[in-house]
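Chain order of the listed sequences is A and B.
To convert, count from 1 in the first sequence and add 35; that's this note's numbering.
To convert, count from 1 in the second sequence and add 76; that's this note's numbering.
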Amino acid sequence: LISTMARQARATESRKISSELFTLTYGALVNQLVKDYESDVEVNKQLDKMGYNIGVRLIEDLLARSNVGRCHDFRETAEVISKIGFKTYLGVTPTIANWSGGYDEFSLILDHNPLAEFVEIPDDHKKLFYSNILSGVLRGALEMVHQEVEVKFIQDTLRGDDTTEIRLKFIRKLEDAIPAGEE
Amino acid sequence: AMAVVCVAVVSKENYPLYVKTTVPDSDLKFHYLVHTSLDVVEEKVSFLSEHARGSSERRELYLGQLYPSEEYKIYGYVTNTKVKFVVIMENTNSYAKDNEMKALFKKLHSAYYNLLRNPYYTPGHQIQSKMFDQTVASLMQQSSK
């Protein structure tokens with residue numbers, strides 16, 4: 036069974052999709068949400084929800100294709116998220132920075148955001164976090180490995196900030212089974 | 077060296093999407109020059125398309141110099157979606173080689189394509205993009221060296 040899964044993982048990896056199509060698709064998605072929900076805050080929420088639904092599924096793929104073991108502490112989690120998670124799906128490794136004193140909060144700094152290449156947000160949408168789907172993806176994925184983590188964007192170069200920074204805060208370990216329903 | 081004094085992008089329906097010029101207070105003049113050059117553009121495009129018909133050749137996008145003028149040299153380029161780029165250069169004694177002009181238009185075309193990748197830009201609308209402005213500014217600067 037394990038060798039079949041490994042073979043499948045390798046096969047999927049060699050079937051590449053154009054990143055062009057991906058960024059245009061994501062852009063069309065955000066655009067539609069902006070038209071449907073007039074407030075930026077609401078769009079951010081919807082992106083987070085969609086991301087959550089992706090994250091709870093994507094984690095299975097990540098665990099199948101990489102041989103990463105249990106993370107013993109949040110620092111290990113951070114390393115895996117950046118060097119394996121982001122690297123595998125977006126081809127970038129964000130910098131891990133700004134650890135809190137108790138090592139329960141850190142930031143991911145993205146020098147390059149593949150979702151947002153060539154995107155320029157008009158001035159009247161300054162509260163929009165264009166890539167907020169990533170917050171949900173991280174939250175959903177971590178929940179499936181029994182970590183409740185609060186994830187949110189702090190800065191975004193698309194809004195004119197200096198960097199793109201995602202803040203992750205460890206809330207607690209989830210001991211019981213996660214309810215099967217989605218949000 | 078030749079200086080680029082105006083860069084314009086015109087929609088397939090022939091209305092201007094973007095006109096940038098290095099000469100202060102002369103927007104209207106350049107709008108007019110671009111507008112009058114559109115007839116020549118249409119002529120050249122239909123000529124080229126007719127001759128390409130029947131063969132498997134694609135139409136050349138670069139149109140070369142559009143028409144002679146005392147003050148300026150006007151160059152055109154039309155994409156396969158009929159979006160037109162017009163570049164106006166000061167008429168000095170030196171000539172810009174075809175290769176140089178083709179390279180300039182390629183950069184412009186590339187910038188336009190990148191603009192389309194922004195979900196907030198709708199094709200056919202006025203171009204208001206910092207990235208596009210930057211590319212045009214660098215093209216104008218480069219040529220004036």
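Note that the Cβ used here is the ideal one computed from N, Cα and C, for glycine as well.
Our contact map puts residue i next to residue j with C-beta atoms below 8 Å; I'd like the distance itself, whole angstroms only.
i        : j        : result
A:Gly171 : A:Leu82  : 7 Å
A:Gly90  : A:Arg207 : The Cβ separation is near 18 Å, so there is no contact.
B:Asn190 : A:Phe153 : 5 Å
B:Tyr94  : B:Val81  : Not a contact, Cβ separation roughly 15 Å.
A:Gly163 : A:Ile156 : According to the sequence as given, residue 163 of chain A is Leu; it is not Gly. Between A:Ile156 and A:Leu163 the Cβ distance is about 6 Å, and since that is below 8 Å, they are a contact.
Measure the CB-CB distance between residue i and residue j and report whether it falls below 9 Å.
i        : j        : result
A:Phe109 : A:Asp139 : yes
A:Val180 : A:Ile94  : yes
A:Gly62  : B:Asn194 : yes
B:Val117 : B:Val159 : no
B:Val99  : B:Leu215 : no
A:Tyr124 : A:Leu97  : yes
B:Lys149 : B:Ala172 : yes
B:Ala187 : B:Met165 : no
Below 6 Å CB to CB, which residues in the same chain sit around residue i once its five sequence neighbours on both sides are set aside?
i        : result
B:Glu147 : Asn167
A:Ile201 : Leu143, Phe188
A:Leu150 : Tyr61, Ser166
For the beta strand (DSSP E) containing residue i, name the first residue and the last one.
i        : result
A:Gln190 : 182-190
A:Ile116 : Looking at the DSSP string, A:Ile116 is not in any beta strand (DSSP E), and its letter there is neither H nor E.
A:Ser142 : 140-145
A:Arg92  : It is not in any beta strand (DSSP E) - A:Arg92 instead sits in the alpha helix (DSSP H) that spans 75-100.
Residues in the same chain with beta-carbon distance under 8 Å from residue i, minus the five sequence neighbours each way, listed in chain order, please.
i        : result
A:His160 : Val69, Asp75
B:Met177 : Tyr138, Gly140, Tyr151, Val163
What first and last residue would you give for the alpha helix (DSSP H) that runs through residue i?
i        : result
A:Lys70  : 54-71
B:Glu176 : 174-192
A:Glu178 : 168-179
With a threshold of 7 Å on Cβ separation, who are the neighbours of residue i within its own chain once the five nearest residues in sequence on each side are excluded?
i        : result
A:Glu185 : Lys204, Ile206
A:Thr192 : Thr198, Thr199
A:Asn79  : Leu163, Phe164, Asn167
B:Glu89  : none
Positions along the segment 147-166 of chain B whose CB lies within less than 8 Å of some CB in chain A: Residues passing the 8 Å Cβ filter: none.
Residues, ordered as in the chain, of the segment 62-76 of chain A that lie near chain B by beta-carbon distance below 8 Å: Within the segment 62-76 of chain A, contact with chain B at the beta-carbon level (separation under 8 Å) is assigned to Gly62, Ala63, Val65, Asn66.
Residues of the segment 144-175 of chain A with Cβ closer than 8 Å to any Cβ of chain B, in chain order: Identification of residues in the segment 144-175 of chain A having a C-beta nearer than 8 Å to some C-beta of chain B yields Glu152, Phe153, Val154, Glu155, Ile156, Pro157, given in sequence order.
Residues, ordered as in the chain, of the segment 175-195 of chain B that lie near chain A by beta-carbon distance below 8 Å: Correct list: Asn190, Leu191, Arg193, Asn194, Pro195.
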